[in-house]
Every structure is written in structure tokens, then in C-alpha cells.
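**Student:** For what it's worth, the numbering used here labels the leading residue of the sequence shown as 22, then goes sequentially.
Have a look at the structure that comes next, please.
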Amino acid sequence: MMLSPWLSLGIAGVFEIVWAVGLKYTDGFSRLIPSLLTLWAMAISLYFLSQALKTIPLGTGYAVWTGIGAAGTAILGIILFAESAHAMRLFCIALIIGGIVGLKLTAS
């Protein structure tokens with residue numbers, strides 16, 4: 022079954038969030054199960070990114086992938102690890118999300 026390139030890119034971005042957050046739980050890759058799950062999420066993320074980049078231009082795809090990862094990881098940092106939810110930080114996260122939307126809307 023072929024997924025749309027943008028759906029593949031979205032899945033890749035979600036798994037980037039999973040592995041980025043997973044790094045926190047690996048304790049420097051000293052904990053086996055979190056480390057294995059993090060490596061699994063990395064592989065899944067890269068697989069779906071590679072599928073999306075068959076069609077989506079490299080610069081757009083990579084920027085969207087990292088943007089999803091950056092914004093999602095920052096949001097989960099606030100939720101899971103009590104990181105700062107200062108208004109300026111939230112505004113900057115919103116700018117990243119706006120950039121992702123803009124890249125999608127202008128993609129050729």
C-alpha cells in the first residue's frame with residue numbers, strides 16, 4: 022500500500038518526536054528497553070522520511086520533518102518534563118508550526 026508522500030512525512034515527523042523524547046529516557050543509552058525503543062523509532066522515522074523524499078523536494082521535506090520534531094518535542098517537554106511554557110517560547114513554537122504549514126502550502 023502506497024501512502025501519500027505528505028502522510029509519510031507526517032509519520033516520519035511523529036516518530037522523530039518519539040525518538041527525541043525517548044533519548045531522555047535512555048539515560049545516555051544505559052537503559053536497554055528505552056534505548057531499543059528509541060533506536061526503533063529512529064529507524065521508522067528515517068524510513069518514512071526516505072519514502073516521502075522520493076516525491077517531496079529535499080529542502081522542503083527535511084525542513085518539515087525537523088520542524089515537526091522540534092515543535093512536537095518542545096511541546097512534549099512542556100507537558101512531560103515541566104519545561105518552561107513562557108509566552109515567548111510558545112510564540113516561537115507557533116512560528117515553527119507556521120513555517121511547516123507555509124512549506125506545505127507552497128510545495129510544488
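Even glycine gets a Cβ: it sits at the ideal position worked out from N, Cα and C.
Remember, it's a predicted structure, so these values are computed and weren't measured experimentally.
Just reading off the alpha helix (DSSP H) that R110 is part of, what are its end residues?
**Tutor:** Run containing R110: 108-127, per the alpha helix (DSSP H) assignment.
**Student:** Let me make sure I understand the geometry here. Which of S105, H107, R110, Q72 has the alpha-carbon closest to that of L24?
**Tutor:** The shortest C-alpha separation from L24 is found at Q72.
**Student:** Going straight from the alpha carbon of A115 to that of M109, what length do you get?
**Tutor:** Going from the Cα of A115 to the Cα of M109 covers about 10 Å.
**Student:** Under 8 Å, Cβ to Cβ, is there at least one residue of chain C near Q72?
**Tutor:** No chain C is present in this structure, which holds just one protein chain.
**Student:** I believe G43 touches L58 by the beta-carbon criterion, under 8 Å. Please report the beta-carbon distance rounded to the nearest angstrom.
**Tutor:** 6 Å between Cβ atoms; contact.
**Student:** Any idea if A1 is buried or exposed, counting beta-carbon neighbours within 10 angstroms, 16 or more meaning buried?
**Tutor:** No answer is possible for residue 1: the residues shown for the chain start at 22 and end at 129.
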